DNA sequence: CTGAAAGCGCTTACAG
DNA sequence: CTGAAAGCGCTTACAG
């Protein structure tokens, strides 16, 4: 049962004026008699008239709405990003349509399609961990619909991006473990499909090689972002003939999975294994021991993505892709700090 | 720069048919020549035609869209509820517009207004912790726009609701502490404005009175759902001349704040104070000690709210408010289990 | 089987 | 200052 909302026509009929006059009165346009305007505005208030946005958007060919697709709204990282996105969007007079892909390529694709039909003026997307084809994005680009990638991006897409320097951040985290005496450092690297994973892997390798350490493929564990995966992969790592004495986890959720495994197996942190992760969720400092983690300025990143997108929407000039790289900060806590035997 | 999407008119022009024919061909209506249909469908695919949903919604006076307002998308509880809502909505052919009030009454109000203008066919709302006026909801009801309240509801609104038995759940949690030897039980009760808060308070009082214990107002701490509030209130409770030996926190986030305070002050859980909370977030079992918590079937509750709403949207009959109460389960972990001296 | 026309609720030149 | 008309992209009786 659709409700029967008040329309401009109802107001016009009741006041014996044309709909054009009502429209002008309600939108503060000039060239309208003060008395007419007052009458219209009062009746609109009395009847709680709300303009039908479908109609105005259709006629103006503008929705002032941007579509957002993140893998999971419940992740701390994305919910903070969305805070930044909404803030910047509202400040610029835009609405935000939030959707999640649930890490599914198929869902990402249908979300793109649904939002396109709904006439969003642009997209901010963080790729699902399954996404390895990009045709749905190329279609957007061909149609001239602005797109900004956020956090999880792909080099196959020539669009604006907002990211951190993943390689450098992972190298710093790994170096930190080396400085704390680790010599066999494993990594819970994340999904193999994401380019962010490979950037972090490069940083991990950089740090090991700087220190003359070999890269042991057995210490590199790819997997999805679920806690279950972290638990299983950590078990496998600790079952190695030479288990690791340090672990880089590319998200706090993975780190928590690893910690559960360590606890179950009686492995002490940081004495037996030192641990550092990414995202610096509030939970990091509440765990025992508190977790060292790479902090990202995620709200700012959300704002930046929105500003890039809106600039693109409002610019007549052809799009010039721009990548904004944000600084990170390694927050050191007890999970990675050890008494290091001073050598040499 | 709005993109210039392909329209039905473009297809019609190129194929030398009328827009009506194109429209019929694309929607699998009968009474159309197979050849015509094939030509239209092929061209639409080739040009990646996407129907403009603003136009179809306008003409059909239906958006098949429901609006959702939750206090915070990042809370585990709400992100799970949204999973249930999206699942049920999509199964019924509806889209979901997600918004958050950020616990702000003002924001809740503008979200209602924006979504109304956007012509959602109904609302699922969980009240902000600030909400103590209900005129924005009464307006919806007067307009005949279906509304279902979820979790945080108010007795002032005669609409369908999906809730747990908060009184019974809080009583059970409190009894559990009593059985574990607590005799001075405090409660982090949540925001004073929410009726859910008062229901839980009633349950807390029930359990104390059953056991012949007095209700000490000094042990009842109202406050918002922030961790900061929990930390401060817990400090105040522990500063009492006779501090509590048990604590009921009405959410895991509050419990975590309390735990931080206990740790800082060297108070042991459960030896010095036993702790039980609500929501049973995954983090509960990872804390040390693992946290006892009241589990709610939140995805199911989201599904139920959606089904109630859609039934209302699609029914011609006048709305009969229906309240669905879901069962809870107290998950007992180490934070509340003590060796109790057997008496008598 | 197909097209012309009216209409969804609004905005926007254009006359007067 | 106000109204009639056209139009946004689509759907839906109604003729033919």
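Chains as they are written, first to last, in my numbering: chain A, 1 to 344; chain B, 1 to 344. Glycine included, each C-beta is placed from N, C-alpha and C at the ideal position. Quick caveat, the model's predicted, so the values are computed rather than measured.
May I ask which residues mark the beginning and end of the beta strand (DSSP E) holding residue i?
i, result
"residue 215 of chain B", "Careful: residue 215 of chain B lies outside any beta strand (DSSP E) and carries neither H nor E."
"residue 302 of chain B", "Premise fails: residue 302 of chain B lies in the alpha helix (DSSP H), 298-314, not in any beta strand (DSSP E)."
"residue 357 of chain A", "Nothing can be reported for residue 357 of chain A: it is not among the residues displayed for chain A, which extend from 1 to 344."
"residue 5 of chain A", "Note, residue 5 of chain A: premise wrong, no beta strand (DSSP E); not H, not E."
"residue 277 of chain B", "274-278"
"residue 189 of chain B", "185-190"
"residue 323 of chain A", "323-326"
Kindly list, in the order they appear in chain A, the residues whose Cβ is closer than 7 angstroms to that of residue i.
i, result
"residue 79 of chain B", "73 and 74"
"residue 98 of chain B", "98"
"residue 288 of chain B", "288"
"residue 95 of chain B", "114"
"residue 55 of chain B", "58"
"residue 37 of chain B", "By Cβ distance, chain A contributes nothing, its closest Cβ being about 21 angstroms from residue 37 of chain B, past 7 angstroms."
Whose C-alpha, out of the options, is nearest the C-alpha of residue i?
i, options, result
"residue 143 of chain B", "A:273, A:50 and A:330", "A:50"
"residue 299 of chain B", "B:84, B:79, B:58 and B:34", "B:84"
"residue 250 of chain B", "B:296, B:106 and B:178", "B:296"
"residue 308 of chain A", "A:266, A:279, A:121 and A:271", "A:121"
"residue 186 of chain B", "B:215, B:27, B:37 and B:93", "B:215"
"residue 294 of chain A", "A:220, A:244, A:29 and A:164", "A:164"
"residue 10 of chain A", "A:46, A:33, A:29 and A:34", "A:46"
"residue 196 of chain B", "B:180, B:17, B:172 and B:129", "B:129"
"residue 332 of chain B", "B:306, B:315, B:274 and B:222", "B:274"
"residue 257 of chain B", "B:242, B:276 and B:271", "B:276"
"residue 314 of chain B", "B:13, B:62 and B:24", "B:62"
"residue 70 of chain A", "A:5, A:81 and A:327", "A:81"
"residue 334 of chain A", "A:301, A:53, A:288 and A:146", "A:288"
"residue 317 of chain A", "A:126, A:107, A:91 and A:146", "A:146"
"residue 193 of chain A", "A:223, A:310 and A:183", "A:223"
"residue 205 of chain B", "B:180, B:225, B:93 and B:167", "B:167"
"residue 264 of chain A", "A:131, A:282, A:238 and A:247", "A:238"
"residue 101 of chain A", "A:92, A:95, A:91 and A:112", "A:112"
"residue 228 of chain A", "A:134, A:303, A:60 and A:253", "A:253"
"residue 75 of chain A", "B:266, B:283, B:325 and B:337", "B:283"
"residue 218 of chain A", "A:240, A:38, A:119 and A:108", "A:240"
"residue 336 of chain B", "B:291, B:148 and B:267", "B:291"
"residue 376 of chain B", "B:230, B:12, B:199 and B:212", "The requested residue 376 of chain B does not occur in the structure, where chain B is confined to residues 1 to 344."
"residue 148 of chain B", "B:338, B:329 and B:319", "B:319"
Name the chain B residues whose beta carbon is nearer than 7 angstroms to that of residue i?
i, result
"residue 111 of chain A", "Near residue 111 of chain A there are no residues of chain B at all, since even the closest Cβ is about 10 angstroms away, more than 7 angstroms."
"residue 48 of chain A", "139"
"residue 283 of chain A", "283"
"residue 82 of chain A", "73"
"residue 106 of chain A", "What residue 106 of chain A touches in chain B: nothing, since even the nearest Cβ is about 12 angstroms away."
Start and end of the alpha helix (DSSP H) containing residue i?
i, result
"residue 177 of chain A", "166-179"
"residue 11 of chain A", "8-15"
"residue 38 of chain B", "34-46"
"residue 26 of chain B", "19-26"
"residue 209 of chain A", "195-210"
Give the C-beta separation of residue i and residue j to the nearest angstrom, bearing in mind that I take them to be a contact with Cβ-Cβ under 8 angstroms.
i, j, result
"residue 207 of chain B", "residue 174 of chain B", "4 angstroms"
"residue 15 of chain B", "residue 43 of chain B", "6 angstroms"
"residue 203 of chain A", "residue 171 of chain A", "4 angstroms"
"residue 52 of chain B", "residue 7 of chain B", "7 angstroms"
"residue 97 of chain B", "residue 125 of chain B", "Not confirmed; about 12 angstroms, so no contact."
"residue 123 of chain B", "residue 66 of chain B", "7 angstroms"
"residue 141 of chain B", "residue 159 of chain B", "7 angstroms"
"residue 246 of chain A", "residue 182 of chain A", "3 angstroms"
"residue 225 of chain A", "residue 270 of chain A", "Actually they are not in contact, since the Cβ atoms of residue 225 of chain A and residue 270 of chain A sit about 24 angstroms apart, beyond 8 angstroms."
"residue 127 of chain B", "residue 154 of chain B", "6 angstroms"
For residue i, which residues in chain A fall below 9 angstroms Cβ to Cβ?
i, result
"residue 258 of chain B", "Correct list: empty, because the minimum Cβ distance to chain A is about 11 angstroms."
"residue 161 of chain B", "None at all; the shortest Cβ gap to chain A is about 20 angstroms."
"residue 296 of chain B", "What residue 296 of chain B touches in chain A: nothing, since even the nearest Cβ is about 15 angstroms away."
Which chain A residues are close to residue i, counting only those with a beta carbon under 8 angstroms from its beta carbon?
i, result
"residue 321 of chain B", "Residues of chain A passing the Cβ test: none, with the nearest at roughly 15 angstroms."
"residue 293 of chain B", "Those within 8 angstroms of residue 293 of chain B in chain A number zero; the least Cβ separation is about 15 angstroms."
"residue 352 of chain B", "Any question about residue 352 of chain B goes unanswered here, given that chain B covers just 1 to 344."
How would you list, in chain order, the residues of chain B whose beta-carbon sits under 9 angstroms from the beta-carbon of residue i?
i, result
"residue 347 of chain A", "Outside the modelled stretch of chain A, which goes from 1 to 344, sits residue 347 of chain A, for which no answer is possible."
Counting only runs that start and end within the segment 49-117 of chain A, where is the alpha helix (DSSP H) found for 4 or more residues in a row? 53-60, 76-91 and 105-117
Pick out the complete alpha helix (DSSP H) segments inside the segment 212-269 of chain B, 4 residues or longer, and give them in chain order. 227-238 and 252-265
Kindly provide the ranges of any beta strand (DSSP E) runs that are 3 or more residues long and lie completely inside the segment 126-164 of chain B, ordered along the chain. 147-150 and 160-164
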